[in-house]
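For the sequence shown, the working numbering gives the first residue as 70, with consecutive numbering after it.
First comes the structure, then the notes that go with it.
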Amino acid sequence: APGVTNSATVSTTGDNDPSNDRASDPTTVSAPNLSIAKSHAGSFTAGTNGTWTITLANPGSAATTGTTTVLDTLPAGITFVSASGTGWSFSASGQVVTATFPGSIAAAGNTSFTLTAAIGAGAVPSVTNSATVSTPGDSDPANDRASDPTLVNATPLPNLGVTKSHTGSFTAGTNGTWTIGVTNSRSE
C-alpha cells in the first residue's frame with residue numbers, strides 16, 4: 070500500500086542532547102486501484118451484433134469515491150448498439166462509448182457491463198477493441214487500459230440451388246404444373 074512518512078525536527082540554543090531532536094511517523098495511505106479487463110466469446114460475423122464484457126476490479130486498499138468512467142473507442146467497422154450493467158449509464162458519440170458508474174467499488178470488489186455493437190464488413194478480418202478506466206485517487210494507472218483482439222468473419226455468401234419437377238405427362242391444350250424449389254446451403 071502507498072504511504073507517506075512525516076518527519077519533524079526541533080532545535081534550540083543550548084540543547085545538550087541533539088539525538089532526540091527528530092521524529093518520524095510512517096503512515097499507510099489507503100487508495101483504490103482499478104484495473105480493467107475486456108473479453109468476448111467466440112468470433113464475430115459481419116452483419117450481426119457482437120458483445121464485449123468489460124470488468125473492473127479494485128485490488129486496492131480502499132473503495133472508490135466519486136464517479137468511475139470507462140471510455141471505449143470502437144474500431145472502424147464497429148457501431149455502438151447498446152450497453153447494459155447494474156448501476157451504469159451509457160452514452161455514445163461517434164466511435165467513443167462513455168460508461169459511468171457513480172457508485173463505490175469496494176476494495177477487493179468488482180463490477181462489469183456488456184457492450185453490444187453492430188459488426189460491419191469494415192471489421193473483417195479482425196479488430197482490437199480497447200478501453201480505459203479512470204476514477205479519483207486511482208493509485209496505479211498502469212492497469213487502467215485493456216484491449217481485446219477479436220476475429221471477425223465475413224458475412225457468408227449465399228449458395229443458391231434450384232430444383233424443378235412435374236408430375237405425370239402433359240396433354241396439348243391443357244395447363245401444366247411445375248414445382249420449383251429454391252435452397253440456400255450457405256454455412257453459418
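C-beta: ideal position from N, C-alpha, C; glycine also.
Note that the structure is a prediction, hence the values are computed from the model and not measured.
Asked	Found
Nonlocal neighbours in the same chain, by C-beta distance under 6 Å from T137, ignoring five residues either side	F170 and T204
Run of the beta strand (DSSP E) containing G230, from where it starts to where it stops	L229 to H235
Rounded Cβ spacing between A152 and T117 (contact assumed at less than 8 Å)	Actually they do not touch by this definition, with Cβ atoms about 17 Å apart.
A92 in three-state terms, based on DSSP	strand
Helix, strand or coil at A190 according to DSSP, with G and I counted as helix	helix
Cα-Cα separation, T197 to P210	21 Å
Residue from K233, N253, G111 and S173 with nearest C-alpha to D207	S173
Same chain only: Cβ atoms within 7 Å of P95, ignoring 5 sequence neighbours per side	G72 and T74
Nearest-angstrom Cα separation, counted from P144 out to A131	34 Å
DSSP bridge partner residues for W121 (one or two, in chain order)	L184
Contacting residues, own chain, Cβ-Cβ under 6 Å from T232 (five flanking each side not counted)	G250
Test item: CB-CB of V202 and L125 under 7 Å	yes
Close-in-space but distant-in-sequence residues of the same chain around F182 (CB under 7 Å, 5 per side omitted)	I123, A152, S153, G154, W157 and A168
Residue burial classification, D141 (beta-carbon count within 10 angstroms, cutoff 16)	buried
Boundaries of the beta strand (DSSP E) in which I147 is found, first to last residue	I147 to S153
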